Amino acid sequence: PPAIERLSSGLFQEVIITNTIPLMEKNYFPQLTVLSVANLLGETIWRVHDDCS
Numbered sequence: 101p102p103a104i105e106r107l108s109s110g111l112f113q114e115v116i117i118t119n120t121i122p123l124m125e126k127n128y129f130p131q132l133t134v135l136s137v138a139n140l141l142g143e144t145i146w147r148v149h150d151d152c153s
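Our numbering puts the first residue of the sequence shown at 101, with every later residue one more than the last.
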């Protein structure tokens, strides 16, 4: 896809995304870093459950 080609062209040192939307493996490129939101969601659920801020 054109967007993947532009992002992986070398213009960027690193492209950082989260894993909130599935990304097909064929769209991965060397500068891509995928961060997990699992800890953030877990912490949020725990805080809501315990009525913390």
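Glycine included, C-beta positions come from ideal geometry on N, C-alpha and C.
Since this is a predicted model, take the numbers as computed values, not measurements.
- Per DSSP, reduced to three states, the secondary structure at L107 is helical.
- It is roughly 15 Å from the alpha-carbon of I121 to the alpha-carbon of L140.
- Annotated three-state conformation of L123 is coil, per DSSP.
- Cα atoms of T144 and S136: separation of roughly 14 Å, rounded to the nearest angstrom.
- In this structure, DSSP gives V115 an extended state, which the three-state scheme calls strand.
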